[in-house]
Amino acid sequence: NIGFGDSLYFTIVTMSTVGYGDISPRTDSGRVFACLYILFALSVFASHIPEMAQMLTSRSPYAGSYRKETGRPHLVVCGAVCQNAMESFLADLLHKDRKQATARNLQVVCIGQFIPDLEFQGLLKRHFRKLTFFEGTIMSPNDCARVALDSAEAAVVLANKYAEDPDEEDSTNIMRAIAIKNAAPGQRCIVQLLRQRNRAGLLSIPSWDWRLGDECVCVSELTLGLLAQSCTAPGFSTLMANLLAVRSMPSEARQLGDSVWEADYRRGSCYEIYSVRLGVGLQSVEFAEAAAACYASESVILLALEEPEDEAAAAAAAAAAQTRHHRKQRRLLLNPSLRQDGQSGSACVIQPGCRGLFLADSYDEARRAAELALSPSRICPIAHQAAGLGMEAAEAKTLTAVEEVNEEEELFDSTGAWHWCPARSFQEALQLPKLRGHHILCVVAAGRDTAASGLGLASFLRPLRSSSLRRRELAPVVLVGGAAYLRREWPALRHFPDVFALPGSPMSRAVLRRAGLNACDTCVIVGARSRGATKWRGPIDPYLMDREVVLCTLNIRAMDADRVAAADAAAPTAPTPVITEIFVDKNVLFLDQEDDDSPADEMHNSQPFVCGSAFAASALDSLLSTVYYNPSAMSLVRALVTGGVESPSQPAAEDDRCEGLDDDDDVNLESGAIDDDGQQAKSTTSVPDRWRRSRMARLPLTDRRLAQYIASGSEGGTFGRLFLGALRSQGILCLGVARFRDAYRRCAGSSSCRRFVIACPSANFRLLPTDAVYCLVPFPVELKPQ
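Every position in the sequence shown, counted from 1, becomes a number in our numbering once 115 is added.
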């Protein structure tokens, strides 16, 4: 017989499996009960220990706050901070070629309302020295203080490209930008949006100011702009995407396994855009001579100049801004090698404080080129330099190859940025004439997706209707897609001249023949459907998101194959150039069955991308980090890609576009003509001075403006000779070469029509007579091959 105390003592000791033995059962049934009691106690403990540990350690490991280290900058990233988006963003931001990141030991601080999964935790472990994650929302002022937002160098808002509703995703990111500006009004903010029409929400923020470095990167605007520029300069999308990304030169072992054309392409894909302040040695030197000296000395291409504003205006703006992030207003001049009015005289002269935008393999090369020492007394006149290249005196005149501009009346919108016409109804656009040399845009959408969000096709038409083009240079554009979709997009397109609509499925061969597929210059295929999944793994197989686009591409290629096979051997027919925009990078393998790409190859190394026949929005992922390191990059991208204004960095027309002036409120200051909307149209026979800018073009070497610098015979001379001669005499700035992929085989009768892109070749790069050249052509010079 034992008391209550001894019984309680025996129960606790037995439950803890210690059992001192001072009290023990004597009978067999008692021993069996004690064993069962111990097993029951162990199971109870095992099931409740995690819950007890969670109660004791309820504080999340991601609930702390960032402790800023002295002298170490940090970058705040919010928005769609999923594993895929952050992987691509960090790969470019922390690339070993980014000297700014390695020298300053940049820290990336992410904030999101989720607990990282295993994939994201692996990303945090791989970048544990550079990447930190905190659970929270940028919408909360307390969480903004936790990540030290006010002391950060910038705040980046990532967009979810897989969002089912792009407009809702954009509105969410705009709210994040508002929260950032409320918490830190002087903080630099870089926002990624999916649709161009939603940019007006950002410009409505009172503290949003591009002078602080605030920037908006619109995915659809840049994608459609690149596709549009690829219509006039095929392969331009590949050239530009490679220049915006940061890649290292492949190792020697890798190069040994590449063919010759792959080695040339990879070497060109390693060039990037750098902004460097020009030294005193280049001051008072004309742009053409400075660009020629930079290329001859360092094999670096000087692409544009940034002229600072006067000191008085800069001081006033800095005092008004009262922030350490304020930067001077700069005027971007893209290839100012000629006077944009087409008259004779001195071109742009480099002033003190100018910055140069270079295409170089590394920042060190661009810096060495900017520090070259040239004196005006050492520079020969342009005519004498051209004569040194073996040209006649008559050929040394700047505008020899320029045709007289027809003084026909041209209409421009209220901003002067794009060609304009009186509003045309949708029924008028359906009256499709017989066309030749036009561009076809196939908008593919799933038949059940009648409410697909509009892409904003005006972003595709603006580069093709830029005021830097003369009226006779505008090629007609035919839009092929669903009737309801085209009708919904038409209010934003009705003021663009020579634009026609053809309702119907792009999968129908009859519709494509009606659009004049066999007589067009370029056919572009884009998708306009809801994405349906917010992550790579979701209810829909991501590889099926491009099913309609892939099928449409294969259908057009099959039509071309039948047409080429039926053509007379005496009059061979070239296939129609097709450019396809895909959503998932791996789907590039299905676009051309003849390509021998490996599934392990990245998008930028696939043959359709190399040849400019495929493009994916993921190629622009590196633009965010490029804009962070180089605030001038977005100005250059707008000037090259979207056909926008070059000066200043924030387009003057941006506010007008947000007010809808480019669509409906076109004002005529001269003729007083009024359209059917009750608005006036601006009619003029000359292009406004600020829109007289260089244009991108792809010219063959048989063009008479370039042929004079190329030696006759099988070898066409060197790229260095062409670069210097075309720049000094015509003001044409050469950027790259488009070469037939089979040209290296030197096979007689090769029928390949696929060209690949070589960016920034070296001076001794040998040209072939069949090559074409990517170049920036000044405003007075005609774009059409001569």
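C-beta atoms are modelled at their ideal positions from N, C-alpha and C, and glycine is treated no differently.
Beta-bridge partners of residue i, as assigned by DSSP
i              : result
isoleucine 127 : Looking at the DSSP assignment, isoleucine 127 forms no beta bridge with any residue, so it has no partner.
proline 321    : Partner(s): none; proline 321 has no beta bridge.
valine 262     : BP columns for valine 262 are empty, so no partner.
tryptophan 533 : Ser581
methionine 811 : Leu891
threonine 741  : DSSP output for threonine 741 lists no bridge partner at all.
histidine 189  : Gln222
6 Å CB neighbourhood of residue i in its chain, flanking five on each side removed
i              : result
cysteine 225   : Val192, Val196 and Phe248
leucine 627    : none
leucine 570    : Ser335 and Ala643
isoleucine 847 : Ala841, Cys890 and Val892
alanine 263    : Tyr181 and Lys183
Rounded distance between the beta-carbons of residue j and residue i, thought under 8 Å
i              : j             : result
leucine 308    : cysteine 331  : 6 Å
isoleucine 939 : leucine 474   : No answer is possible for residue 939: the residues shown for the chain start at 116 and end at 901.
arginine 813   : proline 188   : Incorrect: roughly 41 Å between the Cβ atoms, too far for contact.
isoleucine 153 : threonine 185 : With 8 Å as the limit, isoleucine 153 and threonine 185 do not qualify as a contact, their Cβ atoms being about 57 Å apart.
leucine 706    : threonine 695 : 6 Å
proline 300    : serine 322    : 4 Å
alanine 878    : glycine 835   : 3 Å
glycine 237    : serine 286    : Glycine 237 to serine 286, Cβ: 32 Å. No contact.
Residues of its chain near residue i, where Cβ-Cβ distance is below 7 Å and the 5 sequence neighbours each way are ignored
i              : result
cysteine 667   : Cys557, Val559, Pro621, Met622 and Ile640
arginine 362   : Ser384 and Cys385
leucine 393    : Ile465, Cys469, Arg470, Gly471 and Ala485
serine 865     : Residue placement at serine 865 cannot be trusted, given a pLDDT of 45 that sits under 50; the coordinates are not used to answer.
serine 266     : Lys183
asparagine 220 : Arg187
Spatially closest choice to residue i from the options, by CA coordinates
i                 : options                           : result
arginine 291      : Ser266, Met254 and Ser322         : Met254
phenylalanine 406 : Cys849, Glu234 and Leu669         : The amino acid at residue 406 is misidentified as phenylalanine; the sequence shows alanine. Checking every option, the nearest Cα to that of alanine 406 belongs to Cys849.
lysine 183        : Ala260, Arg753 and Ser175         : Ala260
arginine 870      : Leu883, Ala643 and Ala878         : Leu883
valine 756        : Phe235, Arg219, Ile697 and Ser574 : Ser574
arginine 577      : Gly569, Val592 and Ser266         : Val592
phenylalanine 880 : Ser414, Phe730, Asp700 and Ala206 : Ser414
glycine 227       : Arg551, Ala267, Asp265 and Val271 : Val271
aspartate 656     : Lys701, Ile694, Val626 and Ala625 : Lys701
histidine 534     : Gln546, Asp613 and Leu123         : Asp613
arginine 662      : Arg539, Arg678 and Leu704         : Leu704
histidine 610     : Asp528, Ala156 and Gln542         : Asp528
aspartate 476     : Trp605, Ile416 and Thr530         : Ile416
glutamate 525     : Leu589, Ala488, Asn297 and Glu543 : Leu589
leucine 632       : Arg807, Arg483 and Leu550         : Leu550
serine 180        : Leu151, Ala156, Gly118 and Pro256 : Pro256
aspartate 886     : Arg843, Gly851 and Leu221         : Gly851
serine 122        : Ala149, Leu821 and Asp143         : Ala149
leucine 337       : Cys635, Arg382, Gln722 and Leu739 : Leu739
phenylalanine 918 : Tyr600, Leu489 and Thr530         : Any answer about residue 918 is impossible in this case: the structure gives the chain only from 116 up to 901.
With 16 other Cβ atoms within 10 Å as the buried cut-off, status of residue i
i                 : result
phenylalanine 615 : buried
leucine 163       : In the sequence as presented, leucine is not what sits at residue 163; that position holds histidine. Label assigned to histidine 163: exposed.
arginine 445      : buried
aspartate 736     : buried
leucine 233       : exposed
threonine 126     : exposed
leucine 208       : buried
phenylalanine 855 : buried
serine 139        : exposed
methionine 718    : buried
serine 728        : buried
phenylalanine 160 : exposed
phenylalanine 204 : buried
leucine 545       : exposed
glutamate 367     : Unreliable positioning characterises glutamate 367 in this predicted model, as indicated by a pLDDT of 47, which lies under 50. A coordinate reading is not provided.
lysine 296        : buried
valine 395        : exposed
asparagine 521    : In this predicted model, asparagine 521 has a pLDDT of only 45, less than 50, meaning its place in the structure is not dependable; the value taken from the coordinates is given anyway. Counting Cβ neighbours within 10 Å, asparagine 521 comes out exposed, since fewer than 16 surround it.
glycine 120       : exposed
Sequence-distant residues of its chain with Cβ nearer than 8 Å to residue i (five each side left out)
i              : result
asparagine 275 : Gly194, Ala195, Cys197, Ala200, Glu284 and Thr649
cysteine 726   : Gly350, Thr353, Arg856, Arg869, Arg870, Phe871 and Val872
cysteine 463   : Glu401, Phe402, Leu420, Leu448, Pro451 and Ser452
arginine 629   : Leu547, Leu617 and Gly619
leucine 339    : Leu570, Gly571, Leu572, Ser574, Phe575 and Val641
Beta carbon proximity, residue i to chain C, threshold 8 Å
i             : result
glutamate 525 : You won't find chain C in this structure, because it holds only one protein chain.
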